[in-house]
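Below you'll find the structure, written out as structure tokens, and then a few comments.
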Amino acid sequence: MPMRPTLRLLAATLLCAGSTFAAGAADLARLQGAWQLQSGESVDGDGARVDYASRGLAGTKVLADGRFAFTTTSNGAFWAGGSGTYEGDGSRYVETPLMASYPLENGGRYEFRYTLEGDVWTLERWEGGRRVEREVWKRLP
Numbered sequence: 004m005p006m007r008p009t010l011r012l013l014a015a016t017l018l019c020a021g022s023t024f025a026a027g028a029a030d031l032a033r034l035q036g037a038w039q040l041q042s043g044e045s046v047d048g049d050g051a052r053v054d055y056a057s058r059g060l061a062g063t064k065v066l067a068d069g070r071f072a073f074t075t076t077s078n079g080a081f082w083a084g085g086s087g088t089y090e091g092d093g094s095r096y097v098e099t100p101l102m103a104s105y106p107l108e109n110g111g112r113y114e115f116r117y118t119l120e121g122d123v124w125t126l127e128r129w130e131g132g133r134r135v136e137r138e139v140w141k142r143l144p
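Just so we're aligned, residue 4 is where the sequence shown starts under my numbering, counting upward by one.
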């Protein structure tokens, strides 16, 4: 018995949705591992850009199986840390901290645009059309 057009469309839609989900999961799998902060900048409470180097920031982030954890120091002393879950796709990375040493903003959900070129992972967070954070990470061996 031939498949009706409505069922054919439904089957095609589900197949495409499953492929998109699988592609997103595969893209995120490339991010798993340990990362070292190379550079960054953010916008402070007054709206001024602050270069991470001016604060002596260094950091390590580890991603595995949908979980992340990071620690950041400032001039060798603890500055911030957090852990939680992450999700996304080939261009979007979203962190949801479950524990953090700082007050959570945006309902505790941080969405970034990202690129991954070789072992360099660049994250950018935007609010209201303005970039408020940019970080460059390098994969650790």
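We treat Cβ as the ideally placed atom computed from N, Cα and C, and that holds for glycine.
Being a predicted model, the structure only gives us computed values, none of them experimental.
At what residue ranges does the segment 62-89 contain a whole run of the beta strand (DSSP E), taking only runs of 3 or more? 70-77
Beta-carbon contacts of W82 that lie in its chain and below 7 Å, excluding the five residues immediately before and after: Here residue 82 is taken as the residue at index 79 of the sequence shown, counted from 1. Hits under 7 Å: L60, T75 and T76.
Exposure of W124, with buried meaning 16 or more beta-carbon neighbours within 10 Å: Position 121 of the sequence shown, counting from 1, holds the residue named residue 124. Buried, since its Cβ has 16 or more Cβ neighbours within 10 Å.
In DSSP terms, what P106 is bridged to: In the sequence shown, counting from the first residue as 1, residue 106 sits at position 103. Answer is none; P106 lacks a bridge partner.
So what's S45 in DSSP terms, helix, strand or just coil? Counting from one through the sequence shown, the residue named residue 45 turns up at place 42. Note: S45 maps to strand in three-state DSSP.
Among G62, R52, E127 and Y55, which residue has its Cα nearest to the Cα of A37? Walking along the sequence shown from the start, residue 37 turns up at place 34. Measuring from the Cα of A37, the nearest candidate turns out to be G62.
Sequence-distant residues of the same chain with beta carbon closer than 7 Å to G85, five excluded per side: For the purposes of this step, residue 85 is taken as the residue at position 82 of the sequence shown. So the qualifying residues of the chain are F73, P100, M102, A103 and S104.
For a quick check, are the C-beta atoms of L40 and G91 less than 7 Å apart? Numbered from 1 along the sequence shown, position 37 holds the residue referred to as residue 40. Numbered from 1 along the sequence shown, position 88 holds the residue referred to as residue 91. Not a contact, by the Cβ cut-off of 7 Å.
Ignore the nearest five residues each way along the sequence and tell me which others in E120's own chain have a CB closer than 6 Å to its CB. Here residue 120 corresponds to residue number 117 of the sequence shown, with the count starting at 1. So the list is empty, once near-sequence residues are dropped.
So that I know if they touch, is there some Cβ in chain C lying closer than 7 Å to that of R95? The displayed structure is made up of one protein chain only, and chain C is not part of it.
R134: first and last residue of the uninterrupted beta strand (DSSP E) it sits in: Numbered from its first residue, the sequence shown carries residue 134 at position 131. It spans R133 to R142 - the beta strand (DSSP E) in which R134 sits, taken as one unbroken run.
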